[in-house]
Amino acid sequence: MLITVMSRCLSSTHRINVIIAGKQQELQWLNMSGAEEHVRRGASVWNWASTSGTEPPDIVLACCGDVPTLETIAAAAILRERAPEMKIQVVNVVSLMCLATEQEHAAGLPHEAFITLFGENTPVIFNFHGYPGVIEDILHRRPHPERFYVKGYREEGTTTTPFDMTVLNGISRYHVCMEAVEKNQAMPERHKEPLLEMCQLKLQQHHAYIREHLEDMPEIRNWEWKY
């Protein structure tokens with residue numbers, strides 16, 4: 008997708024483009040034609056990672072940025088396995104300003120397109136690579152912005168493992184899972200507790216493992232999308 012973003016930025020005129028990209032090898036989520044369409048839209052539903060199908064979702068998992076996207080997709084995989092009844096819609100944002108209204112920014116999505124992505128009243132867990140306040144400020148003119156629960160950089164962390172940085176800043180797959188479970192009003196309380204306990208246990212295992220082995224657990228380092 009980075010190639011497509013670069014192509015779009017280099018072909019544009021009379022605008023300032025800011026690209027934020029990591030320096031490590033990453034999983035590729037889209038083929039070239041899919042990436043081109045995704046970048047053209049600025050944001051889109053990733054149906055292959057979603058479980059809602061044609062039904063209204065119980066929860067929207069939104070992400071922007073390389074690491075938050077990885078953790079959100081991993082969270083969607085956990086929920087698909089552990090809570091198959093939960094209807095999840097996964098939305099990836101590649102052009103941040105498309106979240107603004109058309110009146111506020113030229114790249115802003117029309118109201119109908121925004122509703123297609125995020126619904127009108129659906130809880131949205133938004134995993135972001137920057138400060139949460141950035142997303143909250145952009146969304147303030149959208150319908151019911153209080154339903155967006157933004158997770159992002161909290162200036163936590165020091166020399167540690169890559170996954171531990173996500174844990175310290177609350178954007179890990181387990182934090183996303185817990186937030187999604189807690190905010191899902193369609194899930195009975197008796198079904199929530201086992202999932203929340205599993206996530207807490209995984210975080211405890213992670214904490215112990217990195218202190219003994221000085222690297223992330225194999226299930227984190229070697230994770231791949233299998234569905």
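My numbering puts the first residue of the sequence shown at 8, with every later residue one more than the last.
Ideal Cβ positions, reconstructed from N, Cα and C, are used throughout, including at glycine.
Quick caveat, the model's predicted, so the values are computed rather than measured.
Taking P130 and K190 to be in contact with their CB atoms under 8 Å, please state how far apart those CB atoms are, rounded to whole angstroms.
Rounded, the Cβ-Cβ distance is 4 Å, consistent with contact.
Please report the residue range of the alpha helix (DSSP H) in which K209 lies.
E196 to H220 is the extent of the alpha helix (DSSP H) around K209.
Identify the continuous beta strand (DSSP E) that holds A81 and give its terminal residues.
Counting along the chain, A81 falls outside any beta strand (DSSP E), though it belongs to the alpha helix (DSSP H) covering D73 to R89.
Alpha carbon to alpha carbon, how far is M205 from R154?
Approximately 25 Å, taken between the alpha carbons.
Residues in the same chain with beta-carbon distance under 7 Å from E109, minus the five sequence neighbours each way, listed in chain order, please.
Cβ within range, chain order: G115 and P117.
Between V93 and T58, which are expected to be in contact by the criterion C-beta below 8 Å, what is the C-beta distance as a whole number of angstroms?
The sequence given here has Met at residue 93, not Val. M93 to T58, Cβ: 7 Å. Contact.
Got a sec, what are the start and stop residues for the alpha helix (DSSP H) Y138 sits in?
Here Y138 belongs to no alpha helix (DSSP H), and DSSP marks it neither H nor E.
Contact check, G126 vs V67 under 8 Å by CB: the rounded distance?
Confirmed, Cβ separation roughly 6 Å.
Tell me the DSSP bridge mates of Y160?
Its beta-bridge partners do not exist; DSSP assigns none.
Report back the beta-carbon spacing between D73 and E33 to the nearest angstrom; my notes put them in contact at under 8 Å.
Indeed, because the Cβ distance is near 6 Å, the residues count as touching under 8 Å.
Got a sec? Which residues, its chain only, sit under 7 Å from V157 by beta carbon, not counting five neighbours each side?
Closer than 7 Å at Cβ, skipping near neighbours: F133, F135, P139, I142 and E143.
Look at the alpha carbon of T11 and the alpha carbon of P195, and state the distance between them as a whole number of angstroms.
In a straight line, the C-alpha of T11 is about 42 Å away from that of P195.
Identify, in the order they occur along the chain, each residue of the same chain with its Cβ nearer than 6 Å to the Cβ of M104, setting aside the five sequence neighbours on each side.
Around M104: H112 and A114.
Less than 8 Å separating the beta-carbons of F170 and H213?
Closer than 8 Å, so yes.
Measuring alpha carbon to alpha carbon, tell me which of E226, K209, R197 and Y181 ends up nearest L86.
L86 has its Cα closest to that of Y181, out of E226, K209, R197 and Y181.
In this structure, does DSSP put N99 in helix, strand or coil?
In this structure, N99 counts as strand in the three-state DSSP scheme.
Leaving out five residues on either side along the sequence, give the residues of the same chain with a beta carbon under 7 Å from the beta carbon of K209.
Same-chain partners within the cutoff: Y181.
Which same chain residues, not among the five before or five after I178, have their C-beta less than 7 Å away from its C-beta?
Hits under 7 Å: P75, E78, N134, K158 and G159.
Helix, strand or coil, according to DSSP, for L37 in the structure here?
Coil at L37, not helix or strand.
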